[in-house]
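**Student:** For the protein sequence lines, the chains are A and B, in the order given.
Take 1 as the starting number for the first sequence in this note's numbering and just add one per residue.
Take 1001 as the starting number for the second sequence in this note's numbering and just add one per residue.
Glycine included, each C-beta is placed from N, C-alpha and C at the ideal position.
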Amino acid sequence: MVTFRNAIPLFTLGALVSGCKPDLDDRLSLVDEPRILAIRAEPAEARPGTQVSYTALLGQGFGAETPPALSWSFCAARKPLAELGPVASACIEGQAGALVAFGEGAEARGALPKDACRSFGPEVPAPQPGEPAGRPVDPDETGGFFQPVILRADGDVSLGRTRVSCAIAGVTPEVLAEFQQRYVPNSNPALAGVVASWDGAEIALEPGDPGSGANRIPAGASVRLRASWPACDAAPCAGSEPYVVFDPEDRALVEKSEAIRVAWFATDGAFDHDRTGREAGGEPFSDNRWTAPEVAGPVRLWVVIRDDRGGTGWLDYVLDVRN
Amino acid sequence: MNRSAALRALFAFSLLSPGLSLAAEAPPSPAADEKPALVPPNLVHFVEAPFPESESEADGRTDAAVILRISISATGEVVEVDVVESGGEAFDRAAEEAARQFVFEPATSGGTPIPVRIGYRYEFVWRPQLEKKTTADFVGSVRDRATRQPVAGVRVTLGSGASAVTDEAGAFHIDDLEPGTWSVALDGPGFVPVSTEESFEASHVVEALYEVELASGDDGEDDLDFEIVVAIPRVKKQVVSTEVLADQGRRVPGTQGDVLKVVENMPGVGRAAAGSGSLVVWGAAPQDTRVYVDGIRVPRLYHDGGYRSVLHSDLVRSVELFPGGYGPTYGRGLGGVVLVQQRRLDEEGTHGSADLNGIDASLSSRTELADGVHFAIAARRSHLHSVVGETSSLFTKDDVADVVPIPRFWDGQARLALQLGAGEMVEVGGLLSSDRLDHSLVASDPALSTRRSTGLDFHRVYARYENKSQNGSVTSVTGSFGGDASSRVDTVGSTSTSIEDDAAIYSLRASWRGPVADSVIMEVGVDADFTSSTSTRRGSIGAPPREGDATVFGRPPPDQINADAWDTTIGSVAPYAQLDFGFLDDRLHVIPGLRAEPYVVQTSRSTPKVGDLPAVSIVRADAVLEPRLSARFAITPELGVRAAYGVYHQAPGSDDLSAVFGTPTLGLSRAEHWLAGATYRLWEGMEIELVGFTTRSEELAVRNPATSPALAQALAQNGEGRTMGGQLMLRQDKIGPFFGWLSYSLVKSERRDGPDQAWRLFDYDQRHVFTAVGSFDLGAGVEIGGRLRMASGFPRTPVVGSYYDAASDAYQPILGERNSIRIPWFLSADVRISKRFTIDKTELELYADVQNVTNHRNPEEIVFDPSYSHADYISGFPILPMAGARWSW
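1. Can you confirm whether A:V254, when its beta carbon is compared against all beta carbons of chain B, has any partner nearer than 9 Å?
2. Pick out whichever of B:F1794, B:G1325 and B:P1664 has its Cα sitting closest to the Cα of B:P1608.
3. Any idea which residues DSSP pairs B:N1467 with across the strands?
4. Taking C-beta to C-beta, are B:S1382 and B:H1303 nearer than 9 Å?
5. Confirm, please, whether the CB-CB distance from A:P67 to A:A38 is below 9 Å.
6. Counting C-beta neighbours from all protein chains within 10 Å, is the total for A:Q181 16 or more, i.e. buried, or is it exposed?
7. Would you please state the rounded distance, in angstroms, between the beta carbons of B:E1638 and B:R1587? I believe it to be under 8 Å.
8. Is the shortest distance between the beta-carbon of B:G1335 and the beta-carbons of chain A less than 9 Å?
9. Please name the residue or residues paired with B:K1748 in a DSSP beta bridge.
10. If contact means a Cβ-Cβ distance below 7 Å, which residues of the segment 1601-1617 of chain B contact chain A?
11. Please check if any C-beta of chain A sits within less than 9 Å of the C-beta of B:L1711.
12. Does the segment 1567-1580 of chain B come within contact of the segment 1516-1530 of chain B, defined as at least 3 CB pairs closer than 8 Å?
13. Assess contact between the segment 1043-1053 of chain B and the segment 1086-1104 of chain B, defined as three or more Cβ pairs (one per stretch) separated by less than 8 Å. Is contact present?
14. Taking A:L151 as the reference, give the member of A:G144, A:V137, A:G110 and A:G143 with the closest Cα.
15. Quick one: residues in its chain with C-beta nearer than 7 Å to the C-beta of A:P86, no 5 flanking neighbours on either side, listed in chain order?
16. Taking C-beta pairs closer than 8 Å, name the residues in chain B that A:L84 reaches, listed in chain order.
17. What does the alpha-carbon distance come out to for the pair B:A1107 and B:I1114?
18. For B:P1328, which option in B:G1483, B:P1592 and B:L1448 has the closest C-alpha, if you only look at C-alpha atoms?
19. Quick one: is A:G110 near chain B, going by C-beta distance under 9 Å?
20. Give a yes or no on whether 9 Å exceeds the smallest Cβ distance from B:D1222 to chain A.
21. Chain B beta carbons: is any one of them nearer than 9 Å to that of A:G310?
22. Between B:P1881 and chain A, is any beta-carbon pair separated by less than 9 Å?
23. Quick check: is any heavy atom of the ligand GTP less than 8 Å from the C-beta of B:Y1868?
24. When we look at the beta-carbon of B:D1612 and count the other beta-carbons within 10 Å, is it buried (16 or more) or exposed?
25. Compare the C-beta of B:P1598 with all C-beta atoms of chain A and state if any pair is closer than 9 Å.
26. From this set, B:A1164, B:A1659, B:V1647 and B:I1688, which residue's C-alpha is nearest B:L1920's C-alpha?
27. With distances taken from CA atoms, which of B:D1865, B:D1763, B:G1358 and B:P1323 is nearest B:G1793?
28. Do A:G310 and A:A41 have their C-beta atoms closer together than 9 Å?
29. Kindly indicate which residue of B:T1707, B:M1729, B:G1662 and B:L1728 has the alpha-carbon position closest to the one of B:A1714.
30. Verify whether the separation of the beta carbon atoms of A:F62 and A:P298 is less than 9 Å.
31. Under a CB-based cut-off of 9 Å, is A:P132 close to chain B?
32. Check each candidate in A:V31, A:W290, A:F102 and A:A82 and name the one with the smallest Cα separation from A:V405.
33. Would you say A:D32 lies against chain B (beta-carbon separation less than 9 Å)?
34. Whether or not the segment 1621-1630 of chain B and the segment 1549-1556 of chain B are in contact is what I'm after, with contact meaning three or more pairs of Cβ atoms, one per stretch, closer than 8 Å; do they touch?
35. Does any C-beta atom of chain B lie closer than 9 Å to the C-beta of A:E249?
36. Below 9 Å on C-beta distance, what does A:P80 contact in chain B?
In structure tokens form, the structure reads like this:
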């Protein structure tokens, strides 16, 4: 008999009475103070010991604020099963010995720890005589294992995760060999562009600085924004890549395609949705609607694309809102 | 009490007057040194004559004397008896008959035996002698509750077939009843029969006073409506328990007419989270409190959402809650026990009901198929999802079903009872129940889409034999088999969790209870249970959440996943015994008991599957002794004290024995209960009870805190629990138009997840729970009731900060001290109003049940904005009116 403990209140109660749920109007899409919007690792997936370049997307307005000081660390503490977050609390708290620093600034470069597949992957140390074997780390739905990366920005903490190329635990040699033959490491997705359209007008947004005259949008306009990415037939590609994953229930390799999520950020105006996206195998674009502010002026726009294997890409624009 | 006369006979004998002739010549006068001339006969063998049956104290004859003339031979034998002076024909015959059997030492003359005749006075004196009866007597009276005047013409019928009709004084008596527990039905021409139960013991008289309530005829209704209240005190077997009869339970506001929902209002029961339907008793987790229906364990008391119980109320006689400290009859649980007694099938004719309300529709029927053969059937099906779907557009443009998870359920019961003889019966029956709950929230961001689907079906088939013997002992054997099938699928974004469990359950319960000596009652029995489960699970290793998880509402589960499929068999056979010693004229009872329970737990996989390696199963055997001790003392007829102690064990659930998500080698968890209390009867029907209790539990399964746990040890058996508290209840049985109760519980319940961990509040800790329930009969079939509930909010873990998870593009909370804050107080007032109409010999009841009539906004959960920088509360049900109609016959 399966016993569900306090699951029902925790999982469903928020939906229990729609009329009684408070409206906590905090839109993540509005960037009104400097904050990290995304972290990209290049390559998106690497073996332990490989050098990886990290870039942080810092969202901030046009003010003369001093960007926060950024520092990068690898998390060295494995998360206990009793902790339900994505990373060990010791790394968030910055406990001694939990972090291995490797860089400063908006970009940094560091080598993935050589024991990444043991600390955060399927490898376990050989058991001592009389002692039971250790438990390997469990993968996510895409079969991935991730090296946590901590980015500190003036006291605020952001977590990045780099997909680590490891083996699979608990499979036959044949399955492992097939996996290693068929699996293609993840690549970061990339946006092909963003098109804005309103009242019969349509423009492809162009990167540029304020005052360049590009990306003119009427004040108060309701603008449809379409972010697109390349269609994929085979990996590697910058869109929804196909990949193989070991299904722990069927005990076999299955083919999947990446789902794509798009996050929208702006320094002004309002989006209909903070996040949009496509399920696996969907069309290579995603739409959102943005209402321009009534007050003319420049507006920063960031569009971040993510795949569900941890890859990240983005484009940023300056919109010229005019009366 | 039989009256056999014991008699004492006095006799005097005297030699007759000198006119008496002697058979031999008188010898010459002896000289001074010679032997006496005449020595009278000496009676050496007396025979007691029975006091004639035809003569009785009722006739005023308590004594009599018969003068006899007895001729005695030279050998001392009686040769002739004549009545000289009669004491009455019957006495004369008795005296003659007895005298003929006298034996004498013969009279002598000069040392030579001689025949003589003597006069003999035989006296009779009557004294009653008590002999113990093997049957019982039942005497009582029936009176009008309102006027306290006797009610004549009420037929009192027992399940044994005996019956009597109350006389002008409202009195009745029924003698020579076979011992046992018999239903007692009161009815009369035009009355709706009502019934209760009494227990009869050999050589005892049961005295009862029944108060009936006559509906007023102000509106011109001629038919009378009875409710029955038993005014004599109820004998309690367990030290602490709260029992509510079905008729009262149905009328409690907030229960929507569902008898078993009254359990939520009993002292010691914490308020469940809105819509959960779970029972939190004395700080124990919901899965630690067991539910039994006539001794058969069922997996739940309420359907999803807590709207309805799983049993139709018409088939329920009573529900009793034992929050702790109960005897050895039950075990396998660390918490309390809920015992549901099904209604006895012994009514004449056909009865039933049909009920339609906003939640569900139900039907029940009970009938006598033949003499001593009764059948009952009931079924219920919910339609709340249809009602909401059809009416929600009147209130909102949103598709409510997309937002509010609305359960769908049905249940059914069937029973066939055969009366084999006086006190002997056989019953076969079955229970079915099904629950489904589906809802989804599709978001433009696939990572935020959620879907949930749950299901729980169970069924039981049982056969029961029961025999109540003449000496008051009861033998009962119940065998049952059945199955539980549960499933759950949760999807949050791309992380999906699915759990399925199919269990086959076989159980046997046999017991004998009866007197073994004066003031000593013994109960012995065996309680066996075997559960074989097949389980599959896939998804997040951190879902569903466990008690003690440091998390907050709305946080997605960990995205690490795995899968497992395993089988378990958990079996135990528990012989038990209990002795009830009565002292001081039954005022003091000391009840020691012992339950011995060997367990066998077998799991098909001791380690996760690796490649094609075959599974290695593991078997764990444990044997435990569970002493139980209770005592109660009636210091005065009004004041009683009680105390209890018990040791309890609970086997791990099959879901915790997974080699991937749990630990296959988990052993038994253990708990000890101590409690003490007092009860004072303020006046007839009004009682106040105060109980203090403490429980300790250990070897509870918790998430393994190690950073590098061993394989197949996701759970560690290091958890401990402690609870301390008290409860106060003031209860008024139905006297006049009113019944109700006030209850208050003060409970502190804590856990720690390892011996080196700090104590923290238990997730279900509710420091204060106050409930006031009252129902008032206004007359003319109108009844109004109210319920007021106040309870502390559940503990929660505060959020002291947050960080941005760039990989999932979501914020994660930074948590403070576990369970160090609380959701604010809960307050709700509920009202129920009903009107009953009598139509021929049927009854139609229209009712309205309004929960949270003040529309108080009760916080049920803390909810955060996406960045965890702002928080507010989700409130529970707003004002929730429910109307319905119930037709019974």
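**Tutor:** Short version:
1. By 1-based counting over the first sequence, the position of residue 254 of chain A is 254. By this cut-off, A:V254 is not an interface position.
2. The sequence position of residue 1608 of chain B within the second sequence is 608, counting from 1. In terms of CA proximity to B:P1608, B:P1664 leads the group B:F1794, B:G1325 and B:P1664.
3. If you number the second sequence from 1, residue 1467 of chain B lands on position 467. Answer by DSSP bridge pairing, in chain order: B:E1424 and B:T1475.
4. Counted from its first residue, the second sequence places residue 1382 of chain B at position 382. Counted from its first residue, the second sequence places residue 1303 of chain B at position 303. Judged by their CB atoms, B:S1382 and B:H1303 are nearer to each other than the 9 Å cut-off.
5. Here residue 38 of chain A corresponds to residue number 38 of the first sequence, with the count starting at 1. Here residue 67 of chain A corresponds to residue number 67 of the first sequence, with the count starting at 1. Cβ distance not < 9 Å, so A:A38 and A:P67 don't count as in contact.
6. Here residue 181 of chain A refers to the residue found at position 181 of the first sequence. Burial is judged here by how many other beta carbons sit within 10 angstroms of a residue's own beta carbon; A:Q181 has fewer than 16 and is exposed.
7. For the purposes of this step, residue 1638 of chain B is taken as residue 638 along the second sequence, with counting starting at 1. For the purposes of this step, residue 1587 of chain B is taken as residue 587 along the second sequence, with counting starting at 1. Between B:E1638 and B:R1587, the beta carbon gap of about 12 Å keeps them out of contact (Cβ cut-off 8 Å).
8. Taking the first residue of the second sequence as position 1, residue 1335 of chain B is located at position 335. B:G1335 does not count as touching chain A.
9. Position 748 of the second sequence, counting from 1, holds the residue named residue 1748 of chain B. Partner(s): B:M1724.
10. Per Cβ criterion, the list reads P1608, K1609, V1610, G1611 and D1612.
11. Numbered from its first residue, the second sequence carries residue 1711 of chain B at position 711. True, the Cβ-Cβ gap to chain A drops below 9 Å.
12. With a cut-off of 8 Å, the segment 1516-1530 of chain B and the segment 1567-1580 of chain B count as touching, because enough Cβ pairs lie within range.
13. The segment 1043-1053 of chain B, when compared against the segment 1086-1104 of chain B, does touch it at the 8 Å Cβ threshold.
14. As a working mapping, residue 151 of chain A is identified with position 151 in the first sequence. Residue A:G110 holds the alpha-carbon nearest to the alpha-carbon of A:L151 among A:G144, A:V137, A:G110 and A:G143.
15. Within the first sequence, residue 86 of chain A is the residue found at index 86, counting from 1. Setting aside the 5 residues that flank it on each side, A:P86 is surrounded in the same chain by L159, each with a C-beta closer than 7 Å to its C-beta; the list follows chain order.
16. Here residue 84 of chain A corresponds to residue number 84 of the first sequence, with the count starting at 1. Within 8 Å Cβ-Cβ: G1542, P1545, D1549, A1550, T1551, R1555, P1557 and P1558.
17. Translated into positions along the second sequence, residue 1107 of chain B becomes position 107. Translated into positions along the second sequence, residue 1114 of chain B becomes position 114. If I take the Cα positions, the gap works out to 6 Å.
18. Here residue 1328 of chain B refers to the residue found at position 328 when the second sequence is read from its first residue. Selected option, being the one with the closest Cα: B:P1592.
19. Within the first sequence, the letter at position 110 stands for residue 110 of chain A. Closer than 9 Å: no.
20. For this step, residue 1222 of chain B is matched to residue 222 along the second sequence. With a pLDDT of 32 at B:D1222, under the threshold of 50, the modelled position of this residue cannot be trusted, and the question is left open.
21. If you number the first sequence from 1, residue 310 of chain A lands on position 310. It does: the Cβ of A:G310 has a partner Cβ on chain B nearer than 9 Å.
22. Walking along the second sequence from the start, residue 1881 of chain B turns up at place 881. It does not; no Cβ of chain A falls within 9 Å.
23. The ligand GTP is not part of this structure, which contains no ligands at all.
24. In the second sequence, counting from the first residue as 1, residue 1612 of chain B sits at position 612. Exposed, since its Cβ has fewer than 16 Cβ neighbours within 10 Å.
25. Taking the second sequence and counting its residues from 1, the one referred to as residue 1598 of chain B is at position 598. It does not: the Cβ of B:P1598 has no partner Cβ on chain A nearer than 9 Å.
26. In the structure as shown, chain B starts at 1001 and stops at 1889, and residue 1920 of chain B therefore has no counterpart that could be examined.
27. In the second sequence, counting from the first residue as 1, residue 1793 of chain B sits at position 793. Comparing Cα positions, the closest option is B:D1763.
28. To locate residue 310 of chain A, count along the first sequence from 1; it is residue 310. To locate residue 41 of chain A, count along the first sequence from 1; it is residue 41. Remark: C-beta atoms of A:G310 and A:A41 approach each other more closely than 9 Å.
29. Taking the first residue of the second sequence as position 1, residue 1714 of chain B is located at position 714. With distances taken between Cα atoms, B:A1714 lies closest to B:G1662.
30. The sequence position of residue 62 of chain A within the first sequence is 62, counting from 1. The sequence position of residue 298 of chain A within the first sequence is 298, counting from 1. Closer than 9 Å, so yes.
31. If you number the first sequence from 1, residue 132 of chain A lands on position 132. Chain B contact via Cβ: present.
32. This structure does not reach residue 405 of chain A, given that chain A is present from 1 up to 323, and the question cannot be answered.
33. Counted from its first residue, the first sequence places residue 32 of chain A at position 32. Look at A:D32: its C-beta is not under 9 Å from any C-beta on chain B.
34. Two segments are said to touch when three or more pairs of C-beta atoms, one from each, lie closer than 8 Å; by this definition the segment 1549-1556 of chain B does not touch the segment 1621-1630 of chain B.
35. Counting from one through the first sequence, the residue named residue 249 of chain A turns up at place 249. Answer yes: the Cβ-Cβ gap between A:E249 and chain B drops below 9 Å somewhere.
36. Residue 80 of chain A sits at position 80 when you count from the first residue of the first sequence. Here the neighbours are R1703, N1704, P1705, A1706, T1707, S1708 and P1709.
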